[in-house]
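Residue numbers (the UniProt record's numbering): 1 to 290.
The beta carbon of each residue, even a glycine, is placed where N, CA and C say it ideally should be.
The structure under discussion appears below in the form of structure tokens.
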């Protein structure tokens, strides 16, 4: 199947997972292929599944490359359909084949309803925003229980500072080689994107950065190697990644890379108007670009 049109109503949700407690170990010698660098290009989308009903128009699907659990593996696929009043179901699929065919192995009932499509999977835990609040939830799929919860300080919610698509996309959680992140805005930031690195156990904010790009001016955002990237539009045929903010230097700048990311597989995971797709990514510091 050819590339999906970006002119369709898009709700790309880009998620990533961390492979190691010490990601710098992957940036030398034989592991240079996995070295972090700046995003160079994004490949064409590969479709894995198309939702059959309206409940599958928006959502999030995820894989954990290092689950550290006997209950599921790095082949397990997790999925949340976001088009219902109270989103409380987490679908577990044995592998990509079962996911593509729509055969869940199990349906877990979440202890608190989910807001929008901003969930992330990181080191065995599912992280998400509780409905109609700035509360973050950490859920353990293995034990099927809520592990921790905490309000994200001063975070806007209920459509105060969403992505340009609108809705309640105020708080977006993500994970990459550097850890767990929240992408959002605050009243003090006046709608500009704020990036906070979170403690994956307690959900406390470790450190924060305020960027110069307004959240409602971009269609989506994601992190790779501690760098924030924003997607320019969901309504143009050939959208671009138009901004980068490096949390190492604290500097942001405009870029233009044609268009969510599981760094162990060098893929970003997206949900594009009923379609669940992946995109291959290329970073400039890898020893080999495919």
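Beta strand (DSSP E) segment containing residue i, residue limits
i	result
residue 246	240–246
residue 196	192–198
residue 91	87–93
residue 140	135–140
residue 231	227–231
residue 308	Because the chain is modelled from 1 through 290, residue 308 falls outside the range shown and cannot be assessed.
residue 166	No beta strand (DSSP E) holds residue 166; DSSP gives it neither H nor E.
residue 221	220–224
residue 36	First-last for residue 36: undefined, no H or E at that position.
residue 234	First-last for residue 234: undefined, no H or E at that position.
residue 177	No beta strand (DSSP E) contains residue 177, which DSSP labels as neither H nor E.
residue 75	Per DSSP, residue 75 belongs to no beta strand (DSSP E) and is neither H nor E.
residue 185	Per DSSP, residue 185 belongs to no beta strand (DSSP E) and is neither H nor E.
residue 208	205–214
Beta-carbon proximity list for residue i, same chain, < 7 Å, skipping 5 on both sides
i	result
residue 206	197, 198, 199
residue 140	124, 125, 147
residue 248	226
residue 133	157
residue 253	244
Cβ distance (whole Å) where residue i is taken to contact residue j below 8 Å
i	j	result
residue 203	residue 150	4 Å
residue 62	residue 88	Contact doesn't hold; Cβ gap of about 17 Å is too wide.
residue 187	residue 156	7 Å
residue 124	residue 64	7 Å
residue 182	residue 223	Contact flag wrong, Cβ pair sits at about 10 Å.
residue 232	residue 172	Actually they do not touch by this definition, with Cβ atoms about 16 Å apart.
residue 234	residue 148	Contact doesn't hold; Cβ gap of about 33 Å is too wide.
Chain D within 7 Å of residue i, Cβ atoms only
i	result
residue 142	Considering every chain present, this structure includes no chain D. It has just one protein chain.
Sequence-distant residues of its chain with Cβ nearer than 8 Å to residue i (five each side left out)
i	result
residue 86	113, 131
residue 73	67
residue 331	What the structure shows of the chain is the stretch from 1 to 290, and residue 331 is not part of that stretch, so it cannot be assessed.
Residues near residue i by beta carbon distance below 6 Å, same chain, minus five either side
i	result
residue 82	58, 59, 117
residue 94	105
residue 69	124, 142
residue 246	227
residue 75	95
residue 162	169, 170
residue 128	114, 119, 137
residue 91	79, 104, 107
residue 179	197
Check: residue i C-beta below 6 Å from any heavy atom of the ligand MN
i	result
residue 190	The model depicted lacks the ligand MN and carries no ligand whatsoever.
Should the stretch 215–223 be called in touch with the stretch 182–200, which here means at least 3 C-beta pairs below 8 Å? Short answer: they touch.
Could you tell me which uninterrupted alpha helix (DSSP H) segments, each at least 4 residues in length, are contained entirely in the stretch 101–164, listed from first to last along the chain? none
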